[in-house]
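What follows is one structure encoded as structure tokens, with my remarks underneath.
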Amino acid sequence: MNNAFFAQVDALTEAGQLRRLSGAFARFIASVGDSSPQLMIACVLLSELEGRGHSCLMLDELNADPAALLGWSDDPWGDLRATVGDWPQNTSAWRELLLDCAQVWAAHSTDHNQPLVLDGERLYLRRYWRDETHVASAVRGRALGGVLPLDAEAQTEDIRRWLDILFPHAARGGGVDWQKVACAVAMRGKLGIITGGPGTGKTYTVARLLALLFATAGDQQSGLRVALAAPTGKAAARLKQSIDSALDELAVKVGDELPLRELAARMGAARTLHSLLGARPDTRAFQYNAGNQLDVDVLIVDEASMIHLEMMSALLAALPDTATLILLGDKDQLASVEAGAVLGDLCHNAEQGEYQPETLLYVQASTGQQIPDHYAGHGGPIAQQTVMLRESRRFGGPIGALAQAVNAGDAAAAVRVLREGQDGKVAWTDLAQVQDLLQLALDGYRQYLQLVKNPPVESDEEARLTWVKSVLKAFESFRILCAVREGEWGVSGLNEAIEQRLQAAALLKRSGEWYIGRPVMVTRNDYATGVFNGDIGLTLPDPARAGALRVYFSEGDTVRSVLVTRLRNVETAFAMTVHKSQGSEFSHTAMVLPKDGGGMLARELIYTGITRAREHFTLLTPNGQVLLDAIGQRTQRASGLRTLLMR
96 MNNAFFAQVD ALTEAGQLRR LSGAFARFIA SVGDSSPQLM IACVLLSELE GRGHSCLMLD
156 ELNADPAALL GWSDDPWGDL RATVGDWPQN TSAWRELLLD CAQVWAAHST DHNQPLVLDG
216 ERLYLRRYWR DETHVASAVR GRALGGVLPL DAEAQTEDIR RWLDILFPHA ARGGGVDWQK
276 VACAVAMRGK LGIITGGPGT GKTYTVARLL ALLFATAGDQ QSGLRVALAA PTGKAAARLK
336 QSIDSALDEL AVKVGDELPL RELAARMGAA RTLHSLLGAR PDTRAFQYNA GNQLDVDVLI
396 VDEASMIHLE MMSALLAALP DTATLILLGD KDQLASVEAG AVLGDLCHNA EQGEYQPETL
456 LYVQASTGQQ IPDHYAGHGG PIAQQTVMLR ESRRFGGPIG ALAQAVNAGD AAAAVRVLRE
516 GQDGKVAWTD LAQVQDLLQL ALDGYRQYLQ LVKNPPVESD EEARLTWVKS VLKAFESFRI
576 LCAVREGEWG VSGLNEAIEQ RLQAAALLKR SGEWYIGRPV MVTRNDYATG VFNGDIGLTL
636 PDPARAGALR VYFSEGDTVR SVLVTRLRNV ETAFAMTVHK SQGSEFSHTA MVLPKDGGGM
696 LARELIYTGI TRAREHFTLL TPNGQVLLDA IGQRTQRASG LRTLLMR
């Protein structure tokens, strides 16, 4: 029976339906004694789902439609299913079968270090169960720990006094000032979660929260240790730049009573999470961990939707219990590429609020804000430390309307906004062939390439730095985003086609792999050069060595460069995936959808692509039905985190 099963697994692997790792994992389990075909197919499915961002396999999915779970047609699933034989008829039967397997550990029973864990009706690879359990425990502990009691009048009054200084104006329309509320709530415990869409002021809010933390620190003000971090270098640089700008404006308002400029200068640069934790080559372990924790009092992490389960677990382990963790992010964006949807799980009821009476009383006392009754409820400890910012100050107009329609799953409204193309801010282009979008690429990239061809005549360093910054800024004004990597309408196909078109227009001259003007994305962390997965730079001449090339990376107000000979893991980046674009913004964003979404595209991807655009958004697709199908489908990642948080 197993020979037939593995033969079918091999056939599906060769056909590109399964990862090689999935078959190898099932063979490993079979080699140590457990070889029932039912367990084998559970292993294959579990491995496949892990590769698609799920942290576990829900047993009820085995009785529903596993083919849909994998995005398969009925044929390949039917062929694989036929090799299994007897199929357990319900979830209880699957649970009983798995508990009889020596390589499956029933969570919370005697542990023999089995590779598979069954917790309730969820089957895990052990490390994901460990990470999920740890995240749930650590986050709950932070939400509950250090919460101000209702009778802490002096502290609450101090918070109220400073919040009135930091937020001197009433909210628009006389409603709730959710930014002010978010600051107060974050002060109440060792965890603060601030979520909201683009333009809702997450970094504006956290800058005021930082000022509030400094102002209420008393004698510890000058020694308050604050760290800033984000999943990518680009997002980290933007976080630091935004906070510095906001604190500089605040310094004028608060005057000498709070030396904000001095305090801000001590924070240092924002860092990637890998850099913050001290990632080391060739190991998943970090320098900072539960036994060697970070030396910080406050850690602010932006773009938290991009943080995968394993990274969140490592971050929480390395953070002292006494430190305050502030997570910023848009819960409606794409989840991390790797397993887990941590921010989405933490914020799943953020729209409803679900604030308990004690939280409502505290908010009123510390902010003077009366939260409406329909946000009251009996949410858990995480909900009490979560605030959703609800008013976008940047995303009005057609781009905002389009993002809202997609997020609400209203395909008709989204199509109407795109087709009307109000003021040229949004547009829909029907594609017949790749050539139809190459003119858009030509127009979008022309400015930066013309700047590349006209370096400064002056040889001084300042003139050259100004030129490099202008080239990088021009490149960041336009980007083509793809929903998929492979194929004619994917990153690989479009990068090659765009490169050829720009060369035909004499805007660049390609001579080998590296050439002047080549945009590249780093695809793997490289600690020796200090570049990280997702960083994007431009290839320009090295002023110190004739004929040599360097890649220049923008880091806020500064620029860093690396010789091309030292960059081993990069790819051309005229087009990039929507996933890789998270944490970035472009004046004009063009998003390309393929001819066939294969049921794997969802509204979170469309929403994320739209919200990368500041001023103009263009949708391009050879098949409009792909857009409609994607808007109608939400990403559902199997996870037990919500359940664990409620325990």
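Under this note's numbering, think of the first position of the sequence shown as 96, with each following residue one higher. Note that the Cβ used here is the ideal one computed from N, Cα and C, for glycine as well.
- In the three-state scheme derived from DSSP, where H, G and I count as helix and E and B as strand, His229 is classed as helix.
- Contact annotation: the stretch 686-701 does not touch the stretch 281-290, with fewer than three C-beta pairs closer than 8 Å.
- For Ala201, the uninterrupted beta strand (DSSP E) segment begins and ends at Val199 to Ala201.
- Annotated as proximal: Val626 and Val657, with beta-carbon spacing under 8 Å.
- Assignment of Ile136 by DSSP, reduced to helix, strand and coil, places it in the helix class.
- In this structure, the CA atom of Leu141 is about 24 Å from the CA atom of Ala578.
- The stretch 550-564 makes no contact with the stretch 665-673: fewer than 3 CB pairs, one atom from each, lie closer than 8 Å.
- A check of alpha carbon separations from Asp440 across Asp468, Glu581 and Ser150 identifies Ser150 as the nearest.
- Cβ atoms of Leu484 and Thr300 come within 8 Å of each other, at about 7 Å.
- When C-alpha distances from Gly475 are compared across Leu304, His443, Pro689 and Ser131, the shortest belongs to His443.
- Here Asp259 is not bridged, per DSSP, to any residue.
- Annotation for Leu218: Ala137, Leu141, Cys151, Leu152, Leu154, Leu193 and Leu211 place their beta carbon closer than 7 Å to its own, counting only its chain and skipping 5 residues before and after.
- Here DSSP, grouped into helix, strand and coil, assigns Arg361 to coil.
- With contacts defined by Cβ atoms closer than 8 Å, Gly472 and Tyr450 form a contacting pair.
- Closest in C-alpha terms to Leu261, from the list Leu688, Arg729 and Arg303, comes Arg303.
- Boundaries of the alpha helix (DSSP H) around Tyr543: Gln530 to Val547.
- Scanning its chain for C-beta atoms nearer than 7 Å, with the 5 sequence neighbours on each side dropped, one finds around Ala558 the residues Pro551, in chain order.
- The beta-carbon distance between Leu715 and Leu722, rounded to whole angstroms, is 10 Å. This is too long to meet the 8 Å contact definition.
- Gln465 and Gly270 have their alpha carbons spaced roughly 9 Å apart.
- Sequence-distant Cβ neighbours of Met741 in its own chain, meaning closer than 7 Å and more than five residues away, are Gly475.
- In the assembly as shown, Val586 is a buried residue. Its beta-carbon has 16 or more other beta-carbons within 10 Å.
- A direct Cα-Cα distance of roughly 38 Å separates Ala670 from Leu157.
- Distance from Ala330 to Gly678 at the Cβ level is roughly 3 Å; contact confirmed, criterion being Cβ atoms closer than 8 Å.
- Taken atom to atom, the span from the alpha-carbon of Asn718 to that of Gly519 is near 22 Å.
- Taken through DSSP and simplified to helix, strand or coil, Ala106 comes out as helix.
- A Cβ-Cβ distance of about 5 Å is found for the pair Val321 and Val393, placing them in contact under the 8 Å criterion.
- Between the stretch 343-359 and the stretch 371-386, the count of C-beta pairs closer than 8 Å stays below three; the two stretches do not touch.
- The Cβ atoms of Val563 and Leu497 lie no closer than 8 Å to each other.
- Gly632: not part of any alpha helix (DSSP H); member of the beta strand (DSSP E) spanning Ile631 to Pro636, first to last residue.
- If one requires a minimum length of 3 residues, the beta strand (DSSP E) runs lying completely within the stretch 654-715 are 665-667, 670-672 and 681-687, in chain order.
- Closest by C-alpha distance to Leu688, out of Gln198, Glu581, Gly607 and Asn628, is Glu581.
- Within its own chain, the residues whose Cβ lies closer than 7 Å to the Cβ of Thr186, once the five positions on either side in sequence are excluded, are Leu154, Asp155, Asn158 and Glu216, listed in chain order.
- The beta carbons of Ile705 and Ile395 sit no closer together than 8 Å.
- Counting every other CB atom within 10 Å of its CB across the protein chains shown gives Asp637 a total below 16, marking it as exposed.
- Three or more beta-carbon pairs separated by less than 8 Å are not found between the stretch 171-184 and the stretch 220-240, which leaves the two stretches without contact.
- Between the stretch 637-646 and the stretch 566-573, the count of Cβ pairs shorter than 8 Å is below three; the stretches do not touch.
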